[in-house]
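Chains B and C, in that order, are what the protein sequence lines are.
Numbering-wise (UniProt numbering), the first sequence opens with residue 1 and increments by one.
Numbering-wise (UniProt numbering), the second sequence opens with residue 1 and increments by one.
Glycine residues also receive a C-beta, built at the ideal position from the N, C-alpha and C atoms.
Note sheet for the following structure.
2 protein chains.
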Amino acid sequence: MAEDRRTRRTRRALRDALVELVLERGFAAITVEDITERADVARATFYSHCRDKEDLFAAVTAELLAELDDRLRPLVAEDAVGFTGKPVLELFRHAQERRDLYRIVLRGEGDGRPLRLFVQRTVETVAEVFRERAELNGVRPRLTPDLLARAWVGEQTAVLQWWVEHDTPPMPVEEVARMLFDLAMHGRYWASGFDVPE
Amino acid sequence: MAEDRRTRRTRRALRDALVELVLERGFAAITVEDITERADVARATFYSHCRDKEDLFAAVTAELLAELDDRLRPLVAEDAVGFTGKPVLELFRHAQERRDLYRIVLRGEGDGRPLRLFVQRTVETVAEVFRERAELNGVRPRLTPDLLARAWVGEQTAVLQWWVEHDTPPMPVEEVARMLFDLAMHGRYWASGFDVPE
DNA sequence: ATGTTTCCAGACAGAATGTTCATTATGTGT
DNA sequence: ACACATAATGAACATTCTGTCTGGAAACAT
């Protein structure tokens with residue numbers, strides 16, 4: 001007893017409509033009727049699927065995060081050992097494919113709730129990687145780990161946002177990932193062009 | 001003919017009420033009536049001051065940014081030369097004083113609009129500093145300057161958000177500022193506890 | 001083919017919005 | 001202290017959006 005084809009159809013339609021409309025007008029400016037009209041679905045049907053538009057947005061976001069998690073999980077474990085930067089690359093690939101949704105989430109639509117969830121999840125896995133990495137390599141962080149995790153995720157997220165907001169990508173995924181890697185290795189002082197002392 | 005005392009009074013009341021309420025319930029969940037009730041002002045009066053609640057939030061944000069700008073401007077010029085980290089310190093001081101407002105802005109309330117404005121402004125001045133610094137010191141950035149600016153602001157903003165969301169501050173301003181400085185100088189690899197090669 | 005589930009169209013009360021207006025209260029400049 | 005100007009008030013208003021609930025039609029799984 002897989003899911004009814006009708007429910008799949010309307011769910012898809014509603015979600016796609018939401019993303020389109022938020023991208024066009026912003027979350028606050030759209031109504032439930034706007035969504036159902038675009039999705040070509042009766043308004044009553046909307047309410048048999050979700051409580052309100054926030055709820056729908058939350059569902060869309062959850063789906064996205066699950067998708068991302070599936071892609072990242074294998075790479076993350078590997079990265080804790082090797083410091084490869086592969087998870088970052090995969091994140092940017094994912095964002096490239098689902099660009100519209102990434103845009104609205106990263107813009108903070110929905111009063112920043114979906115974005116906060118995204119950041120929170122990322123911080124958790126990053127913190128986890130930091131811990132494992134420290135243990136595996138027998139090193140001890142020189143800065144407060146929480147701060148470090150937040151800083152790293154903040155940097156990554158900001159660059160991701162900057163990158164997806166360009167109509168024509170400013171650079172290929174491989175290059176962004178490489179720059180973030182270099183930045184992590186050498187720091188902003190070096191990246192600005194200075195030679196690092198000692 | 002300075003501004004009428006009455007308008008000053010009600011503006012203050014409305015702004016304070018907005019910040020309080022958004023902090024308590026979130027921007028989407030509050031109504032104009034909630035605001036006027038809390039501010040002890042007639043609802044009609046609200047509309048003679050702003051179009052809607054977004055407008056009020058925008059005004060509050062603009063005020064905050066102007067305030068911040070006044071504090072930062074003198075330090076920014078100086079920092080382009082000396083790389084002191086003083087602007088960061090001052091930013092955190094400001095956030096400490098106006099904590100509630102910083103919280104709601106950094107959370108992305110108002111569909112992220114105020115936050116985007118904050119980030120955008122910061123990116124602009126940071127980019128400016130980078131340019132001047134490069135020229136003054138005769139260095140050339142090793143990474144795309146736009147990316148560099150976004151990364152730096154993203155890192156800073158994320159840490160700021162993390163910091164203001166703690167009920168009891170995790171560390172004094174001086175210490176956060178110092179950590180961000182160290183992070184900029186040596187990079188995340190070093191901060192994680194590794195020794196930087198070569 | 002049949003019984004089940006979902007979708008639909010329409011109606012409904014309640015809440016919030018944004019505007020108007022006559023009246024009262026409060027400031028400002030002299 | 002006064003007169004004038006301007007802001008705040010409370011109430012009413014049409015409009016829009018919300019969230020819920022029908023009975024009946026349509027699509028589904030088996």
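Query: Contact residues within the segment 150-164 of chain C, judged by C-beta distance below 7 Å to chain B; Result: R150, A151, W152, V153, G154, E155, T157, A158, V159, W162
Query: Beta-carbon proximity list for W152 (chain B), same chain, < 8 Å, skipping 5 on both sides; Result: V126, A184
Query: Under the three-state DSSP convention, the category M171 (chain B) falls into; Result: coil
Query: I35 (chain B) vs L23 (chain B) beta-carbon contact at 7 Å; Result: no
Query: Cβ contact (3+ pairs, closer than 8 Å) linking the segment 69-83 of chain C and the segment 154-165 of chain C; Result: no
Query: Extent of the continuous alpha helix (DSSP H) run through P87 (chain C); Result: 86-97
Query: Backbone secondary structure at R140 (chain C) - three-state DSSP; Result: coil
Query: Rounded distance between the beta-carbons of T61 (chain B) and L143 (chain B), thought under 8 Å; Result: Not really, about 30 Å apart at Cβ, beyond 8 Å.
Query: Test item: CB-CB of A13 (chain C) and A39 (chain C) under 7 Å; Result: yes
Query: Distance between D52 (chain C) and V41 (chain C) (C-alpha atoms, nearest Å); Result: 15 Å
Query: Cβ-based neighbour list, F83 (chain B), same chain, cut-off 8 Å, excluding 5 preceding and 5 following; Result: R133
Query: Close Cβ partners of A191 (chain B) (< 6 Å) along its chain, the five nearest in sequence each way excluded; Result: L183
Query: Integer Cβ distance of P114 (chain C) from V105 (chain C), believed to fall under 8 Å; Result: 5 Å
Query: Chain B contact residues for V139 (chain C), given Cβ-Cβ distances below 7 Å; Result: S192, G193, F194
Query: Contacting residues, own chain, Cβ-Cβ under 7 Å from V119 (chain C) (five flanking each side not counted); Result: V153, T157
Query: Pairwise C-alpha distance: R121 (chain C) and F46 (chain B); Result: 39 Å
Query: Own chain residues within Cβ distance below 8 Å of P141 (chain C), not counting five before or after; Result: F130, A134, L148
Query: Endpoints, the alpha helix (DSSP H) within which F46 (chain B) is located; Result: 43-47
Query: Min CB distance L89 (chain B) to chain C below 7 Å; Result: no
Query: Residues of the segment 169-190 of chain B whose Cβ lies closer than 8 Å to any Cβ of chain C, in chain order; Result: P170, M171, V176, M179, L180, D182, L183, A184, M185, H186, G187, R188, Y189, W190
Query: Nearest candidate by alpha-carbon position, reference L65 (chain B), set B:V88, B:L89, B:T10, B:Y102; Result: B:Y102
Query: Euclidean distance between Cα positions of R150 (chain C) and G108 (chain B); Result: 16 Å
Query: Assumed close pair L136 (chain B), A80 (chain B) - CB separation to whole angstroms, cut-off 8 Å; Result: 7 Å
Query: Cutoff 8 Å; reference D100 (chain C); Cβ partners in own chain excluding five residues on either side; Result: V19, E20, L23
Query: Neighbouring residues, chain B, relative to T84 (chain C) (Cβ below 8 Å); Result: Per Cβ cutoff of 8 Å: no residues; T84 (chain C) is ~13 Å from chain B at best.
Query: Proximity of R95 (chain B) and V164 (chain B) at Cβ, strictly below 7 Å; Result: Here residue 95 (chain B) turns out to be Ala, not Arg, going by the sequence shown. Yes, these two residues count as a Cβ contact at 7 Å.
Query: Rounded C-alpha distance that separates R11 (chain C) from D55 (chain C); Result: 12 Å
Query: Straight-line gap, H186 (chain B) to R98 (chain C) (C-alpha atoms, nearest Å); Result: 34 Å
Query: E33 (chain B), buried or exposed, once every other Cβ within 10 Å from all chains shown has been counted against 16; Result: exposed
Query: Minimum Cβ-Cβ distance from D16 (chain C) to chain B less than 7 Å; Result: no
Query: Nearest to S48 (chain C) (by Cα), restricted to the options C:T7, C:P74, C:M171, C:E63; Result: C:T7
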